[in-house]
Each structure stands twice: as structure tokens, then as C-alpha cells.
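Just so you know, the sequences run in chain order G and H. Count along the first sequence starting at 1, add 26, and that's the number in our numbering. Count along the second sequence starting at 1, add 34, and that's the number in our numbering. Take a look at the structure set out below.
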Amino acid sequence: MSALLTVDDLRITFPTRQGPSEVVRGVTFTLGRERLGIVGESGSGKSQTGRAILGLTPAPGKATAKVLDFDGTDLRAATPAMWRKLRGTRMSMVMQDPKFSLNPVMTIGKQLLEALKFGAGETRAEATARALAMLEAVQIRDPERVFRAYPHELSGGMGQRAMIAMMLVTEPDLLIADEPTSALDVTVQVEVLRILDRLVRERGMGLIFISHDLRLVSSFCDRVLVMYAGRVVEELKASELKQARHPYTRGLMNCLPQIEGGVRPLPTLERDAAWAR
Amino acid sequence: MGALMLSVEALDVTFRRGDDTVRAVRGVSFDVAEGESFGIVGESGSGKSTVLRAICGLAPTSGGLIRLRDETLRTPRSAAFYREVQMVFQDPYASLHPRHTIDKVLSEPLAIHGFDRREERIEQALSDVGLGPDFRFRYPHQLSGGQRQRVAVARALILEPEMLLLDEPTSALDASIQAEVLNLLDRLRTERGLTYVMVSHDLAVVAHMCDRLVVMQHGLAVEELTREALAAHRATTDYTKKLLSASEGYTQAEAP
Ligand SMILES: Nc1ncnc2c1ncn2[C@@H]1O[C@H](COP(=O)(O)OP(=O)(O)OP(=O)(O)O)[C@@H](O)[C@H]1O
Ligand SMILES: Nc1ncnc2c1ncn2[C@@H]1O[C@H](COP(=O)(O)OP(=O)(O)OP(=O)(O)O)[C@@H](O)[C@H]1O
Ligand SMILES: [Mg+2]
Ligand SMILES: [Mg+2]
Numbered sequence: 027m028s029a030l031l032t033v034d035d036l037r038i039t040f041p042t043r044q045g046p047s048e049v050v051r052g053v054t055f056t057l058g059r060e061r062l063g064i065v066g067e068s069g070s071g072k073s074q075t076g077r078a079i080l081g082l083t084p085a086p087g088k089a090t091a092k093v094l095d096f097d098g099t100d101l102r103a104a105t106p107a108m109w110r111k112l113r114g115t116r117m118s119m120v121m122q123d124p125k126f127s128l129n130p131v132m133t134i135g136k137q138l139l140e141a142l143k144f145g146a147g148e149t150r151a152e153a154t155a156r157a158l159a160m161l162e163a164v165q166i167r168d169p170e171r172v173f174r175a176y177p178h179e180l181s182g183g184m185g186q187r188a189m190i191a192m193m194l195v196t197e198p199d200l201l202i203a204d205e206p207t208s209a210l211d212v213t214v215q216v217e218v219l220r221i222l223d224r225l226v227r228e229r230g231m232g233l234i235f236i237s238h239d240l241r242l243v244s245s246f247c248d249r250v251l252v253m254y255a256g257r258v259v260e261e262l263k264a265s266e267l268k269q270a271r272h273p274y275t276r277g278l279m280n281c282l283p284q285i286e287g288g289v290r291p292l293p294t295l296e297r298d299a300a301w302a303r
Numbered sequence: 035m036g037a038l039m040l041s042v043e044a045l046d047v048t049f050r051r052g053d054d055t056v057r058a059v060r061g062v063s064f065d066v067a068e069g070e071s072f073g074i075v076g077e078s079g080s081g082k083s084t085v086l087r088a089i090c091g092l093a094p095t096s097g098g099l100i101r102l103r104d105e106t107l108r109t110p111r112s113a114a115f116y117r118e119v120q121m122v123f124q125d126p127y128a129s130l131h132p133r134h135t136i137d138k139v140l141s142e143p144l145a146i147h148g149f150d151r152r153e154e155r156i157e158q159a160l161s162d163v164g165l166g167p168d169f170r171f172r173y174p175h176q177l178s179g180g181q182r183q184r185v186a187v188a189r190a191l192i193l194e195p196e197m198l199l200l201d202e203p204t205s206a207l208d209a210s211i212q213a214e215v216l217n218l219l220d221r222l223r224t225e226r227g228l229t230y231v232m233v234s235h236d237l238a239v240v241a242h243m244c245d246r247l248v249v250m251q252h253g254l255a256v257e258e259l260t261r262e263a264l265a266a267h268r269a270t271t272d273y274t275k276k277l278l279s280a281s282e283g284y285t286q287a288e289a290p
């Protein structure tokens with residue numbers, strides 16, 4: 027399988043009061059037309075890695091890499107015009123804070139129509155029908171009302187699904203989904219995952235699925251990268267998450283509460299300073 | 035069980051704009067005893083956050099009564115209410131002022147409510163949620179999603195309230211940090227006799243943290259369960275049964 031995305035030695039640095047802080051330190055991986063999960067500690071650099079691939083590292087942060095290649099395009103040399111062509115058409119990202127990424131003063135419907143780039147031989151009515159169908163597909167119960175609503179009028183999970191709908195109407199080749207289902211109850215979550223699954227299997231989309239939900243990642247993804255303190259500390263087959271080698275990954279499973287009841291207090295991790303080296 | 039702390043009786047919340055009417059909460063009732071931890075789970079959009087916001091006086095209540103101890107709450111809520119009851123909002127980004135440093139986010143409520151030893155309390159609150167002193171002078175946009183969520187928890191705890199309303203307080207945390215935050219909440223409840231109302235879509239988190247819970251769907255409370263009933267998968271409504279079975283993970287086999 028030829029790689030859709032190649033990332034070699036990605037580094038991201040922010041200036042801070044204590045001097046420059048390297049929050050991503052040499053991340054390397056390739057992505058085919060598959061479901062790649064990224065799990066890792068809060069603050070380990072998952073979201074910043076995703077943003078850097080789309081050239082969205084927030085100033086004054088700086089991202090560098092030896093290779094950053096998307097389907098033959100060197101992203102390090104991409105001009106603003108090239109980014110406009112890539113983003114929102116060939117590559118998309120569902121951000122971790124959906125309500126923050128949505129435009130607060132524009133209705134969901136208007137934002138969806140903008141994402142659809144309607145006008146290219148499509149009437150307004152046709153585009154609207156397509157947008158409503160996508161809202162319905164992500165299990166929104168009253169798509170017409172949500173189409174007319176502003177972001178603050180939606181629940182947490184509805185905002186998240188509106189954002190997913192917006193990224194999917196463009197049918198990208200690469201989708202980076204940052205905690206896309208963290209606000210969804212499990213029954214809705216399953217339906218949203220099915221849509222992503224179908225896009226990978228039927229259309230050959232490449233999916234980077236950032237999540238802290240271990241059960242979900244191990245059952246949904248093909249491969250998993252585990253991040254800790256800015257580095258990839260382990261790469262595994264998703265189905266073999268239980269046979270992880272790194273002590274961070276191994277410890278994670280124990281920390282999970284159980285529906286059937288378990289120990290109190292919950293086990294926590296003894297972090298070794300050597301893990302962050 | 036202790037005395038009654040919170041009583042929600044036949045709560046109705048309706049949002050109206052133009053021709054759109056959303057009956058977000060329809061006749062929801064539940065009681066929470068002092069020192070108890072009560073859970074709310076349910077479908078996305080079923081009205082869970084709206085119930086918490088209504089308790090804080092932040093939703094257009096169109097019917098029903100909310101009592102704290104023996105007192106029926108008035109809108110707007112008094113300053114004393116916010117000293118006693120704190121809420122962690124589902125969306126930490128929206129609830130943290132973008133131009134305030136974390137230091138300001140934490141010190142302002144302390145100043146308003148006349149707390150002493152502010153320095154010490156701020157450092158303690160940050161370390162309680164696993165954030166070092168480096169984070170103190172950052173702005174919200176300079177944090178990761180989970181770090182922001184932990185600041186929101188720290189801000190609610192720093193006022194030492196008697197009741198906490200927690201809306202998905204660990205949804206952005208990895209398992210190791212989630213365990214630390216849940217243990218912290220658990221310990222505070224035992225030590226200080228706090229009362230919690232906690233919304234989560236993670237049934238395991240609710241089973242671990244809550245003595246009783248209510249399941250919501252389409253604005254209705256469809257089922258009330260004890261922790262034991264949940265642990266034994268003894269649900270009576272179809273929706274709750276579906277929630278329990280979907281909690282096992284994603285299965286490719288069951289095609290639509
Ligand atoms: N503007 C900034 N200045 C300094 N540090 C920053 C800035 N933005 C992010 N960081 C730091 O970069 C690190 C990586 O952040 P990132 O958002 O990628 O984490 P994450 O793995 O997505 O975590 P989470 O699971 O909590 O969302 C964090 O420790 C964060 O505090
Ligand atoms: N300000 C508002 N104006 C109009 N409708 C609103 C407003 N706030 C919430 N709603 C609607 O009320 C309903 C319940 O929303 P709520 O946020 O309580 O759901 P929730 O159970 O917390 O869902 P989630 O799990 O997705 O966070 C939704 O249909 C939502 O669109
Ligand atoms: Mg993140
Ligand atoms: Mg909510």
C-alpha cells in the first residue's frame with residue numbers, strides 16, 4: 027500500500043516564559059488508506075501533531091519536519107494558494123473543541139453550505155438537501171431545526187456532529203478527527219463511526235483518529251500510535267493494545283473504571299521521569 | 035442517607051426562537067441527598083446539560099420547582115448560591131475567558147468571595163489536577179483540550195462549594211489523568227461531605243462515581259437506577275439496555 031501521508035521527524039516548538047518548549051519531538055509515521063488511532067497522555071502533543079499536518083500550527087509556534095508529504099505534495103513548501111486548494115477539499119480536520127471552531131454568528135446551515143462550496147453546478151435547493159441528509163446521517167433528530175440554529179443553541183454532542191458533517195460533505199482523502207466522539211453517547215457514537223468506517227473502506231479515505239478512549243480505539247482502528255511527552259513511544263496493531271510494551275500504555279487499561287464495579291480509589295500511573303526523555 | 039440537598043420537581047425547559055420551539059426538558063424530577071453523588075446519562079441532546087444549567091438559573095425554565103435544602107430557588111440566583119454551588123461546564127473553552135491567564139481565572143473568584151491564603155490555594159488547586167506551576171501564567175489557548183478541562187475543574191473546586199454540578203468533567207482526559215481527577219473528586223466527597231450531580235456519557239465513570247442515576251431521552255427522565263442495578267445490567271427500558279450493550283466497543287460485524 028502506497029502511503030497517503032508521510033511524516034518524518036515532526037517537531038513543534040512554542041516560546042514560553044521558561045524559554046522555548048518543544049511539545050512535539052520527532053514524530054514519525056506513515057498513513058495509508060486506513061484507520062490510524064493516536065492515543066496518549068493529555069498534553070502529549072496529539073492535537074498539535076494533527077494541526078501541523080494541515081499547516082495550522084498557531085503562531086508563535088513553529089513546526090519543522092524532514093518530510094511532510096501528502097500524496098506527492100511537499101506540504102512544507104505549500105503556498106497559501108496550495109493550502110486553500112488542499113484544506114476543506116482534499117484534507118480536513120475535525121477540531122477537538124467543535125463549538126470553538128464553528129463560527130458563532132453564522133447558522134449551522136450557512137456554514138454547511140459554505141463547506142459544500144455550492145454553486146458549482148448545484149442549485150441551492152440541491153445543496154440544502156445534501157446538507158440536511160448529512161445532518162441526518164450523523165443522527166441529528168431534527169435536521170431542519172439544527173440547520174437554522176446557531177452553534178450556541180446546540181448541545182455539546184450536536185455541535186460535535188455538526189462539525190463532523192461539515193468536514194464530511196467535502197469528501198476529503200485525508201480526515202484528521204481529534205476526539206470526534208468525546209461528547210457522544212455510545213449509541214450515537216456507533217453510528218458516526220460507521221460513517222467514517224464506510225469512507226475508509228469504500229472510498230479509500232485515510233483517517234487519523236485521535237482519542238483517549240482505549241476501548242473504542244482498540245475496536246475501531248487498524249493501527250495505534252501511543253504518544254507520551256511529545257514522542258511516539260509505541261506503535262501497535264489496534265487489536266493488540268492489550269499486549270502493549272510501554273509501561274504508560276500498559277498502565278492505562280488498569281486506570282479505567284468498570285461498569286461492573288471495581289477498586290476504589292482507581293489505580294493511577296507511577297510516571298517514570300525516563301519516559302519523558 | 036442524609037437530609038435532602040437538592041430537589042428538582044417536574045422541571046420544564048423550553049427554548050423558543052422564531053417558529054422553532056425546543057422542549058429540552060419535560061417534567062424531570064429527582065432528589066439528591068446531602069453527601070450523595072447523583073448521575074445523569076442519556077442520549078446526546080436529551081437535555082442533560084440543560085437540567086444542570088436550570089439548577090444554576092441559566093436556562094429558560096417554563097415549569098416546575100427547584101429547591102436547595104428547604105428553599106425554593108429564585109431567579110436570578112443569589113451570590114450565596116454560587117458560593118455553595120459550583121458548576122463545571124461541558125465546554126471548557128467557552129467557560130474560560132480567552133484574555134485571562136489561568137492565574138486570573140483562579141484568583142478572581144477567590145477575591146470576590148473574600149478568601150485568604152490565595153497564593154497557596156491557587157498552587158494547590160493546580161497541582162490537585164496535575165498541572166504544574168508552569169501553567170499558571172498561560173492563557174486558555176496555550177493549553178491542550180484536557181489541560182483546559184482540568185483548569186475548569188480546579189476553578190470549581192477552589193471555592194470549596196458544598197455541591198458540584200459536573201458536566202462531562204473528564205471527557206477530554208486520558209485514562210490515567212481521568213483516574214486522578216475521579217479519585218480527587220471521590221476523596222473530597224468523603225472528606226468534606228460534598229454533594230455531586232454528574233453528567234457523563236461514560237457509563238463506567240457514572241457507575242464508579244454515582245450512587246444513583248437517571249437516564250434521559252428526548253427531554254424525559256426514562257429510568258432511574260441504583261449503581262448496583264447498573265453494574266448488574268438490570269435495565270428496564272430499551273434505551274438503557276442499548277446503552278449498556280453499546281458500551282462494549284465498536285463491532286464491525288453488526289452491519290446496519
Ligand atoms: N501556545 C502554546 N504555548 C505553549 N505551549 C503550548 C501552546 N499550545 C499548546 N501548548 C502545549 O503543547 C502541548 C501539546 O498540546 P496538544 O494540544 O497537542 O496536547 P494533546 O495531546 O492534544 O492533549 P489533550 O489530550 O489534553 O487534548 C501541551 O502540553 C500544551 O500545554
Ligand atoms: N440556547 C439554546 N437555544 C435553543 N435550543 C437550545 C439551547 N440550548 C440547548 N438547546 C436545545 O436543547 C436540547 C437539549 O440540549 P442539552 O445541551 O441539554 O443536551 P445534552 O443532553 O446535554 O446533550 P449532549 O450530551 O450532546 O451534551 C437540544 O436539542 C439543544 O439543541
Ligand atoms: Mg488535544
Ligand atoms: Mg451536554
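The C-beta atom is built at its ideal place from N, Cα and C for all residues, glycine as well.
- Check whether ARG174 of chain G and GLY135 of chain G have beta carbons under 8 angstroms apart: yes
- What number of angstroms, rounded off, separates the C-alpha of GLU288 of chain H from the C-alpha of GLU217 of chain G? Unreliable placement is indicated for GLU288 of chain H, whose pLDDT of 48 sits below 50; no coordinate value is reported for it.
- Using 8 angstroms as the limit for Cβ to Cβ distance, is HIS131 of chain H near chain G? no
- Task: Compute the beta-carbon to beta-carbon distance between PRO177 of chain G and PRO130 of chain G, rounded to the nearest angstrom, for a pair I have assumed lies under 8 angstroms.
- Result: 5 angstroms
- What residue does the alpha helix (DSSP H) around VAL212 of chain G start on, and which one ends it? Segment 212-229, the alpha helix (DSSP H) holding VAL212 of chain G.
- Would you please verify whether the beta carbon of ILE211 of chain H is less than 8 angstroms from any beta carbon of chain G? yes
- Does the beta carbon of THR154 of chain G come closer than 8 angstroms to any beta carbon on chain H? no
- Message: Contact criterion: CB-CB distance below 8 angstroms. Does PHE72 of chain H meet it with respect to chain G?
- Response: no
- What number of angstroms, rounded off, separates the C-alpha of GLN183 of chain H from the C-alpha of PRO203 of chain H? Taking the straight line from one Cα to the other gives about 7 angstroms.
- Contact with chain G by HIS147 of chain H, beta-carbon distance below 8 angstroms: Taking CB atoms only, HIS147 of chain H has no neighbour in chain G less than 8 angstroms away.
- Query: Does GLY36 of chain H come within less than 8 angstroms of chain C when only Cβ atoms are used?
  - Reply: Any reference to chain C falls outside this structure, whose protein chains are G and H.
- Message: If you reduce the DSSP assignment to three classes, tell me which class PRO290 of chain H lands in.
- Response: Because PRO290 of chain H sits at a pLDDT of 40, beneath the cut-off of 50, its placement in the model cannot be relied upon, and the following sentence gives the value as read from the coordinates. Coil.
- Task: May I ask you to list, following chain order, the residues of the segment 277-291 of chain G that have a beta carbon less than 9 angstroms from some beta carbon of chain H?
- Result: GLY277, LEU278, MET279, ASN280, CYS281, LEU282, PRO283, GLN284, ILE285, GLU286, GLY287, GLY288, ARG290, PRO291
- Query: Where does SER71 of chain H sit, in a helix, a strand or coil, going by DSSP?
  - Reply: strand
- From what residue to what residue does the beta strand (DSSP E) around PRO46 of chain G run? Per DSSP, PRO46 of chain G belongs to the beta strand (DSSP E) from 45-57.
- Span separating the alpha-carbon of PRO290 of chain H from that of VAL256 of chain H: With a pLDDT of 40 at PRO290 of chain H, under the threshold of 50, the modelled position of this residue cannot be trusted, and the question is left open.
- Task: Measure the beta-carbon distance from GLY81 of chain G to LEU101 of chain G and round it to whole angstroms, keeping in mind my assumption that it falls under 8 angstroms.
- Result: GLY81 of chain G to LEU101 of chain G, Cβ: 6 angstroms. Contact.
- Message: Which of the three DSSP states is assigned to ARG171 of chain G in this structure?
- Response: helix
- Query: Count the other CB atoms within 10 Å of the CB of PHE171 of chain H; is the residue buried (16 or more) or exposed (fewer)?
  - Reply: exposed
- Consider the C-beta atom of ASP204 of chain G and the heavy atoms of ligand 3; say whether any pair is separated by less than 7 angstroms. yes
- Tell me, to the nearest whole angstrom, how far the beta carbon of GLY185 of chain G is from that of LEU128 of chain G; I am working on the premise that it is less than 8 angstroms. Contact holds; Cβ gap of about 7 angstroms.
- Item | Minimum C-alpha distance to MET121 of chain H - residue among H:ILE89, H:ALA93, H:SER141, H:THR135 | H:ILE89
- In this structure, does DSSP put THR84 of chain H in helix, strand or coil? helix
- In chain order, what residues of the same chain have a beta carbon less than 8 angstroms from the beta carbon of GLU170 of chain G, not counting five sequence neighbours either side? LEU158
- Residue(s) in a DSSP beta bridge with ALA89 of chain G: G:ILE38
- Query: Is the beta carbon of ILE236 of chain G sitting closer than 8 angstroms to the one on LYS72 of chain G?
  - Reply: Using a Cβ distance threshold of 8 angstroms, ILE236 of chain G and LYS72 of chain G count as a contacting pair.
- Candidates H:PRO143, H:ALA37, H:SER41, of which the one nearest GLU68 of chain H by Cα: H:ALA37
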